[in-house]
Amino acid sequence: MESTHRAHYPAPYPRLVVDVSKIRDNTAAIAGLAADFGMSITGVTKACCGDPCVGRAMLAGGAASLADSRLNNLRRLREGGVTADLMLLRTPMLSQAERTVELADVSLNTEPAVMAALSEAAVERGVSHKVVLMVELGERREGIMPGELPEVTARALDMEGIEVYGMGVNLACLTGVVPTADKMRAFEEVVQDVQDSCGIRFSMVGGGNSANIPLLLKGEHPATVINNLRVGEAILLGLETVERTPVPGTHQDAFTLEAELIETKRKPSVPDGWVSQNAFGETPSFEDRGVIRRGIVALGRQDVLVEGLTPCSADVEIVASSSDHLVLHLKSNTYRVGDVISFHVNYGALVSASTSPYIATCHR
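Okay, so the sequence shown: first residue is 5 according to the numbering used here, each after it adds one.
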């Protein structure tokens with residue numbers, strides 16, 4: 005994609021441009037990698053707010069199902085024509101048990117009280133709701149302590165309308181605990197112990213997320229019982245999430261943020277006057293580069309996580325930002341008002357841009 009072009013009126017800017025063919029390609033590459041270990045993948049759409057076009061591309065690329073953390077996004081996927089199983093990633097709220105059963109085929113769970121409410125809602129609707137029990141293995145986010153799992157599993161097995169579908173673990177999200185081979189073997193041991201003590205076999209054993217991909221690439225991922233990974237960033241941005249390195253065979257530019265230049269002028273590179281705090285309580289500092297060509301695009305911190313943006317062109321550099329303005333150093337004299345500047349996004353910028361009501365989404 006070109007890093008600069010003229011705005012096409014009345015095109016909505018700023019806008020997030022999604023190349024769905026690259027999403028499909030990335031999914032196919034990762035699904036193939038997981039299949040070598042006997043694993044399926046669940047495509048995670050939360051970073052793009054359950055965009056049905058992205059979800060359908062994931063499924064076309066080989067994802068077995070889709071997952072999101074918010075019920076509104078699951079509804080958006082379903083209303084967008086997705087018929088595959090949908091998983092609620094975040095532990096359901098007790099107050100949303102009925103909606104969870106309505107919108108999610110599967111949910112990740114840790115609390116017996118919540119599962120009891122899901123059971124009641126499932127019985128009322130005359131359906132069976134699948135639950136995956138999450139295990140705490142060091143990340144200190146959601147999860148049942150291993151010693152409590154047999155009891156919690158036994159209680160869930162007694163609940164009408166509930167299918168104890170599987171067990172899962174989550175790492176490398178809140179505190180950055182890495183899913184090492186030893187961690188995965190420990191998880192598999194926990195799963196085996198619960199299966200043996202309760203006399204069951206889980207249909208889904210979720211070993212983690214995009215942070216597990218380095219183990220797959222090195223051929224070191226245990227897969228005795230693990231048969232699924234929940235994958236978001238590696239599909240959307242083509243990066244594993246331990247060191248943020250590209251996954252072989254994937255694209256890193258499936259998403260691009262475009263913004264329109266509203267000013268281009270030669271100005272001194274440092275402020276003139278007494279400098280105090282900016283609008284965000286920061287005291288900025290600037291390198292004196294003399295007089296430079298500065299540009300402003302109609303984009304700011306109210307729209308997107310600016311720290312997660314990287315200009316696609318080497319002759320554009322981000323200088324500073326306020327709520328509504330992104331100031332650039334334009335190292336070429338070719339830029340004019342009305343030109344569109346493109347930016348690569350990291351995960352944080354993708355999440356904020358997708359969530360922002362001020363940024364349109366365009367699919368290609």
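For glycine and all other residues, C-beta sits at the position ideal for the given N, C-alpha and C.
Under the three-state DSSP convention, the category residue i falls into
i: Arg368; result: coil
i: Tyr351; result: helix
i: Met91; result: strand
i: Arg159; result: helix
i: Ala108; result: coil
i: Met62; result: helix
i: Gly151; result: helix
i: Lys222; result: coil
i: Leu137; result: strand
i: Arg103; result: helix
i: Glu237; result: helix
i: Pro116; result: helix
i: Glu167; result: strand
i: Pro56; result: helix
i: Pro361; result: coil
i: His9; result: strand
i: Ser327; result: coil
Beta-carbon spacing of residue i, residue j below 8 Å
i: Val135; j: Ala108; result: no
i: Phe347; j: Leu261; result: yes
i: Ala357; j: Val344; result: no
i: Ile27; j: Val235; result: no
i: Leu2; j: Gly59; result: The requested residue 2 is not part of the displayed model; the chain covers only 5 to 368.
i: Val3; j: Leu334; result: Residue 3 falls outside the range modelled here, since the chain spans only 5 to 368, and no answer is possible.
i: Leu112; j: Leu92; result: yes
i: His255; j: Gly242; result: yes
i: Leu175; j: Gly212; result: yes
i: Gly85; j: Pro116; result: no
i: Thr370; j: Glu143; result: Given that the chain is displayed from residue 5 to residue 368, the structure contains no residue 370 and the question cannot be resolved.
i: Met171; j: Leu219; result: no
i: Asn30; j: Thr49; result: no
i: Val198; j: Thr157; result: yes
i: Ala364; j: Leu240; result: no
i: Asp296; j: Arg270; result: Residue identity differs from the one stated: residue 296 is Ile in this sequence, not Asp. Cβ atoms of Ile296 and Arg270: closer than 8 Å.
i: Val251; j: Val182; result: no
i: Glu244; j: Ala283; result: no
Cα-Cα separation, residue i to residue j
i: Ala101; j: Asp257; result: 37 Å
i: Cys53; j: Trp278; result: 43 Å
i: Asp292; j: Arg298; result: 13 Å
i: Glu124; j: Glu106; result: 12 Å
i: Glu267; j: His329; result: 10 Å
i: Met208; j: Arg248; result: 27 Å
i: Leu81; j: Ser325; result: 34 Å
i: Pro288; j: Tyr17; result: 28 Å
i: Leu309; j: Gly352; result: 6 Å
i: Met138; j: Val274; result: 52 Å
i: Ser327; j: Val341; result: 20 Å
i: Pro315; j: Ala61; result: 26 Å
i: Cys177; j: Gly294; result: 43 Å
i: Leu313; j: Pro272; result: 24 Å
i: Val22; j: Cys366; result: 6 Å
The ligand ATP heavy atom lying under 7 Å from the CB of residue i
i: Leu98; result: What this structure holds is no ligand at all, so the ligand ATP is not there to describe.
Checklist entry - Between the segment 300-307 and the segment 225-239, are three or more C-beta pairs nearer than 8 Å? => result At 8 Å Cβ cutoff, the stretches do not touch.
Next on the checklist: So, does the segment 55-67 touch the segment 28-41, judging by three or more C-beta pairs under 8 Å?
Outcome noted: In the pairwise beta carbon analysis, the segment 55-67 is classified as touching the segment 28-41: at least three pairs are separated by under 8 Å.
Item to check | Three CB pairs or more closer than 8 Å across the segment 120-131 and the segment 141-152 | outcome: As far as the Cβ criterion goes, the segment 120-131 does not touch the segment 141-152, which means the pair count is below three.
Next on the checklist: Report the start-end ranges of each alpha helix (DSSP H) in the segment 252-320 that is 4 residues or longer and not cut off at the edges.
Outcome noted: Segments of the alpha helix (DSSP H) lying fully in the segment 252-320: there are none.
Checklist entry - Which residue spans inside the segment 19-43 form an unbroken alpha helix (DSSP H) run of at least 4? => result As far as the segment 19-43 is concerned, its whole alpha helix (DSSP H) runs of at least 4 residues are 24-39.
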